[in-house]
Amino acid sequence: MKMKSSLSLLEQTQGLPKDFLEHFFDLPLAVRIEQDGKFLGDGRVVLSRNNTLQLLEMSEFHDSKLSAADRQRWTDYLSQPRPLGECTASCDNGLVAMHYSLESSQLSLVTRGAEVNPEEVRYHQLPEGGSHGLVLRNQLNVFGGSGTDTNGRYSVDAQGSIGNWTTVGNYQVDRSTYEGAETRQSIQSLYGQREHENQFVRAGFFQPNFQGVARQPSAPGAVPSTIVGLMLGTSDILAIDSASPSIYPVYVTANRQGTVEIYRNGSLIYTQPVEPGLQLIDTRRLPGGIYEVEVRLVEDGNVTSSETELINKPAHWSNAQERWRYSSFVGQQRNLLNSYSTDDANELAVGGVVNYLAHPRAVLGAMVQQVGKERSVGGSLNWHASDSANLYANVFHSSEYGMGLDVQAIRNYATGSIMFNHSLNWQNADKYLKTQAGPQQNSAIALNHRLDDINSLTARASYSNGVTNGVGLDLSFNRRSKLLGSNASWRTSVFDRPATASSGNQRNRGVDVTLTMALGGEGRRYNVGAGTRTGSTGGRDQYVNAGVSQDLQGGLFSSVNGNVSSDRYGVGLNGAASFDTDLVRGDVFAQRSSLEGGLSGGVNL
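So the number in my numbering is just where the residue sits in the sequence shown, counting from 1, plus 833.
Okay, structure coming up:
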């Protein structure tokens, strides 16, 4: 809610006789107190010249329809001097603003519930006779290339209605080099769900996904794949996914032109081509919710890094009248047309998550679940400390994998932002990434700072042990200017990153300079760049590149881009196109590596 700015006490007293002011400030005054336009009580307050107010007592409240608990909360809160105007700190009781009117001798308290109508219908009514119908959604993600096996996934989701029950089914086929290059199939869900006001019940064959909670504490292990059972929880079925990015950005640092693959629960859900350097992943394309993904960086057909990241796209929840949300399940692990290997079939699976809205900006979470003999517990805090500061903390324990921790924080300020994340979890053995089972630690701090209207600075420092080991440093200086009468952007980067296979298992150190210009038609951009880095054999590698991108309207494609690069190994090419029609939405890309001319490409539909 946007508050109209109000006059301060000094502004209201301008022009009044000096004798009056001596009896106005720092002396008890009788006032009428209202909360959101409703009479709270009469009382005595003290006003000060620094625009603060302190409540001495609340005396008369017989005509108030607000509760004694409301009066006590405000009496306690206003017992200390509080600033008038818009509330920016210590905003207890949902306070948005506080205003004193000299003309009416009235104190007005405005809270987040000011526009909430308790009699307002908050839920859609289901049709008396129910409904019948079916909606199908297909999704295809494929990535492959010369000298490598093709990875991908095809899934079909069916959602229908029979009476007042929603029926859901999902079938998927996938193939992954990192899972033995086998083609696997499975039915992930086949169940019915009935929605009630703020509640749901589900029965059938499904993956427990803790629907209905805003924050799910994570824990390693003990995650049942599919069960036959029952699920109950709170429901906000009208909430839909939006094309919003994750609260906490996801970065990768590529040494060479490559591809990022994002896996959720072992299945590929998104791929994106990346250029050398520090690059932001487009999380707007990912599903809504709060969940973990595995981010793999593929360069020249080899996986050079793999990290677990948290996607944070929660549904909005700030209704203090509904502080509790929960989701629970019980059932037996079963497989249906499932070629995935599992050792836990027929094991009992039970679990639950509880969220508590401790404050409109703070959500507490707790989770416990048991699958067979393995038990996991976890707790979390999701705190939007202010419009410019967010903190997420998660701690968990598994009977098989031990303790773990995940902390993420972001702070925005007038000229930039700073982000910190730290995680400690369990890493499973992987023969393709040549890693052994054991604890894995990742820490990073990133700074984005605008020096002035045309210059900005980006810096990131990271530490990891796992697939990559050591400290990484990235520093970029960006400058906007005019060149040949067109807008231009310069970026100069220096970096020192841990050793990977694409840098010959040597630390990757180098410099990159890139120029991007808007020339020609509307929506067209050109870029050229040059730099030096550690090559795939460990020696120095100088390179140059050039590219063009074009936004399109009115046709099949919404944008296209292409790039050519040259280094000590040869010439590399890549191109990509995005499209969005009534029937299909997605993107395609293709690459030619300068190293031995390997071809690769991918599609997301």
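Glycine is no exception: its CB is placed at the ideal position from the N, C-alpha and C atoms. Keep in mind the model is a prediction, meaning the values are calculated, not measured.
Cβ neighbours of residue i in the same chain (closer than 7 angstroms, five flanking residues each side left out)
i       : result
Arg1097 : Tyr1124 and Val1126
Asp1074 : Reliability of the predicted coordinates at Asp1074 is poor, the pLDDT of 45 falling under 50, and the value obtained from them is presented with this limitation in mind. These residues qualify, in order along the chain: Pro1120 and Gly1121.
Leu1284 : Leu1290
Ala1055 : Model confidence at Ala1055 stands at a pLDDT of 48, short of 50, so the residue's coordinates are unreliable and nothing is read from them.
Arg904  : Leu873, Gly874, Met891 and Phe894
Gly1343 : Phe1328, Gly1364, Thr1365, Arg1366 and Thr1367
Ser1022 : Val1001, Gly1002, Asn1003, Phe1038, Phe1039 and Gln1040
Residue(s) in a DSSP beta bridge with residue i
i       : result
Thr1349 : Ser1322 and Asn1360
Gln1032 : His1029 and Thr1067
Ala1277 : Asn1254 and Ser1295
Leu1385 : None, per the DSSP bridge assignment.
His932  : Ser941
Ala1409 : Asn1394 and Phe1422
Phe1229 : Gly1211 and Gly1237
Glu919  : Ala930
Phe894  : Answer by DSSP bridge pairing: none, since Phe894 is not bridged.
Arg877  : Ala863 and Glu890
Ser1369 : Ser1369 pairs with nothing; no bridge assigned.
Ile1020 : Tyr1004
Own chain partners of residue i with C-beta closer than 6 angstroms, once the 5 adjacent residues on each side are dropped
i       : result
Val1046 : Arg1158, Ser1160, Val1186 and Asn1188
Met1064 : Arg1035 and Phe1162
Val1061 : Phe1038, Gly1164, Gln1165 and Arg1167
Val943  : Val929 and Ala930
Glu953  : In this prediction, Glu953 has a pLDDT of 48, which is less than 50 and means its spatial position is unreliable; nothing more can be read from the coordinates.
Phe1390 : Ala1410 and Phe1412
Gln887  : Val879 and Pro914
Ser1297 : Asn1275
Ser1322 : Arg1313 and Thr1349
Arg1244 : Ala1222 and Ile1251
Leu1352 : Ser1319 and Tyr1359
Thr1370 : Gly1337
Ala1294 : Ile1278 and Leu1306
Arg1050 : First, the residue type needs correcting, since residue 1050 is Pro and not Arg in the sequence shown. So the list reads Gly1198, Met1200, Gly1211, Gly1212, Ser1213 and Asn1227, once near-sequence residues are dropped.
Thr999  : Gln1026
Exposure of residue i, with buried meaning 16 or more beta-carbon neighbours within 10 Å
i       : result
Met931  : buried
Pro850  : exposed
Tyr1246 : exposed
Leu873  : buried
Tyr1024 : buried
Ser1009 : buried
Leu969  : exposed
Val1417 : exposed
Asn882  : The question names Asn, but residue 882 is Arg in the sequence shown. Exposed, since its Cβ has fewer than 16 Cβ neighbours within 10 Å.
Lys1315 : exposed
Lys1146 : buried
Thr783  : Missing from the structure shown is residue 783; the chain here goes from 834 to 1438 and no further.
Asp1133 : buried
Ser1219 : exposed
Asp925  : exposed
Ile1287 : exposed
Nearest-angstrom Cα separation, counted from residue j out to residue i
i       : j       : result
Ile1020 : Ile1102 : 17 angstroms
Asn1407 : Asn1360 : 14 angstroms
Phe1229 : Gly1198 : 11 angstroms
Phe857  : Cys920  : 23 angstroms
Pro1078 : Glu936  : 47 angstroms
Gly996  : Ser964  : 5 angstroms
Tyr1376 : Ser1335 : 15 angstroms
Gly1364 : Asp1345 : 4 angstroms
Leu984  : Phe1310 : Checking the sequence shown, residue 984 turns out to be Asn, not Leu. Cα-Cα distance, rounded: 37 angstroms.
Gln939  : Gly870  : 11 angstroms
Asp896  : Leu1238 : 52 angstroms
Ala1292 : Gly927  : 37 angstroms
Arg986  : Gly1430 : 26 angstroms
Leu842  : Glu867  : 18 angstroms
Gly1387 : Val989  : 29 angstroms
Thr1414 : Val1006 : 25 angstroms
Thr1137 : Leu1130 : 6 angstroms
Gln845  : Leu899  : 29 angstroms
Val1128 : Thr1016 : 21 angstroms
Beta-carbon proximity list for residue i, same chain, < 8 angstroms, skipping 5 on both sides
i      : result
Ala788 : No statement about residue 788 is possible, as the shown extent of the chain runs from 834 to 1438 and does not include it.
The region 905-912 contacting the region 968-977, beta-carbon criterion three pairs below 8 angstroms = Look at the beta carbons and you see the region 905-912 not touching the region 968-977: under three pairs across the two are nearer than 8 angstroms.
query = Taking contact to mean at least 3 C-beta pairs separated by less than 8 angstroms, is the region 1085-1103 in contact with the region 1237-1255?
reply = In this structure the region 1085-1103 does not lie against the region 1237-1255, because fewer than three pairs of beta carbons, one per stretch, are closer than 8 angstroms.
ask   = Does the region 1197-1212 touch the region 1105-1117, meaning 3 or more C-beta pairs lie closer than 8 angstroms?
value = No, the region 1105-1117 does not touch the region 1197-1212.
request  = Decide if the region 1412-1427 is in contact with the region 1382-1399; the criterion is three or more beta carbon pairs, one per stretch, under 8 angstroms apart.
outcome  = These segments touch.
request  = Mind the definition here: the region 877-891 touches the region 853-866 only if three or more C-beta pairs lie below 8 angstroms; say whether that holds.
outcome  = Verdict: yes, contact present.
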